Amino acid sequence: MFRSIILATALIAGATAGAQAQSCDAEPQFAAHRTANSGVRAQYNAVTRGEWRQVIHFGEEIANSGAAPGQRAAALSNLCAGYAATGEFELAIEACDAALELRDDAWRAMNNRGVAHWLAGDRAAAIADFNAAAALAGDEDEVRANLSLAQCA
114 MFRSIILATA LIAGATAGAQ AQSCDAEPQF AAHRTANSGV RAQYNAVTRG EWRQVIHFGE
174 EIANSGAAPG QRAAALSNLC AGYAATGEFE LAIEACDAAL ELRDDAWRAM NNRGVAHWLA
234 GDRAAAIADF NAAAALAGDE DEVRANLSLA QCA
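Going left to right, the sequence shown walks through residues 114 to 266 as our numbering numbers them.
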């Protein structure tokens, strides 16, 4: 009987651990930014469809334009996601840094920079960015998902 109890406890513990591991996302989530600017809206749509070359194209155009700082910050945040998704991590981090220079409360840029760090293998920097994004917008789905991922890893 004692062996049965130990076996049952081990099975429950194993099932619980397996269920927790399965509930964790495998990849961090980007936070796309949409504004009234038609270029940023097109870029946002490209992010949601995973059309990363389009995201980069629109982002580079808007970032180098005379758009208002808020529009450029949104485009740079999306550009960061595009670069990170295509493995251009240094460019991604530079784009997010530029967005944060324009708007220090740009939680999407902070989140996306965290994703870029995560994908580049710098988990400590990613977690710091995810925590900073949470301080700005902790109730946002992408931020919560990324914090959960960081706890699972």
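Heads up, the beta-carbon is just placed ideally off N, CA and C, and yes, glycines get one too.
Note that this is a predicted model, so its numbers are computed, not measured.
Check your understanding: From what residue to what residue does the alpha helix (DSSP H) around R257 run?
Key -> 254-265
Practice item. Would you give the residue range spanned by the alpha helix (DSSP H) that P141 belongs to? Key: Neither: P141 is in no alpha helix (DSSP H) and is coded neither H nor E.
Review point. Under the criterion of a Cβ to heavy atom distance below 7 angstroms, does V168 qualify as lining the ligand ZN?
Key: The model depicted lacks the ligand ZN and carries no ligand whatsoever.
**Study point:** the segment 244-255 in contact with the segment 202-213 per 3-pair CB rule at 8 angstroms
**Key:** The segment 244-255 is not in contact with the segment 202-213.
Review point. Near Q167, which residues of its chain fall below 6 angstroms by C-beta distance, leaving aside the five closest residues on each side in sequence?
Key: A159
**Study point:** Nonlocal neighbours in the same chain, by C-beta distance under 6 angstroms from E255, ignoring five residues either side
**Key:** Q142, A144, N224
Practice item. Leaving out five residues on either side along the sequence, give the residues of the same chain with a beta carbon under 7 angstroms from the beta carbon of A219. Key: Only A186, S190, A212, L213 meet the Cβ criterion.
Check your understanding: Buried or exposed: where does C265 fall if 16 or more other Cβ atoms within 10 Å of its Cβ makes it buried?
Key -> exposed
Point to revise | Helix, strand or coil at H146 according to DSSP, with G and I counted as helix | key: coil
Review point. From T199 to G152, what distance separates their C-alpha atoms?
Key: 20 angstroms
Practice item. Counting only runs of 4+ residues fully inside the segment 162-210, write out the alpha helix (DSSP H) ranges in chain order. Key: Whole alpha helix (DSSP H) segments, 4+ residues: 165-176, 182-198.
Review point. Is it the case that the Cβ atoms of L249 and A197 are separated by a distance below 8 angstroms?
Key: Not a contact, by the Cβ cut-off of 8 angstroms.
Exercise for review: Kindly give me the distance between the Cβ atoms of Q156 and G179, rounded to whole angstroms, as I take these residues to be in contact under 8 angstroms.
Suggested key: Wrong, their Cβ atoms sit about 17 angstroms apart, outside the cutoff.
Exercise for review: Answer with buried or exposed for T148, where buried requires no fewer than 16 other C-beta atoms within 10 angstroms of its C-beta.
Suggested key: buried
Exercise for review: Take W165 and list the residues in its own chain whose beta-carbon comes closer than 6 angstroms to its own, dropping the five residues that flank it on each side.
Suggested key: G195, A198, T199
Exercise for review: Take D252 and list the residues in its own chain whose beta-carbon comes closer than 7 angstroms to its own, dropping the five residues that flank it on each side.
Suggested key: Here the set comprises nothing.
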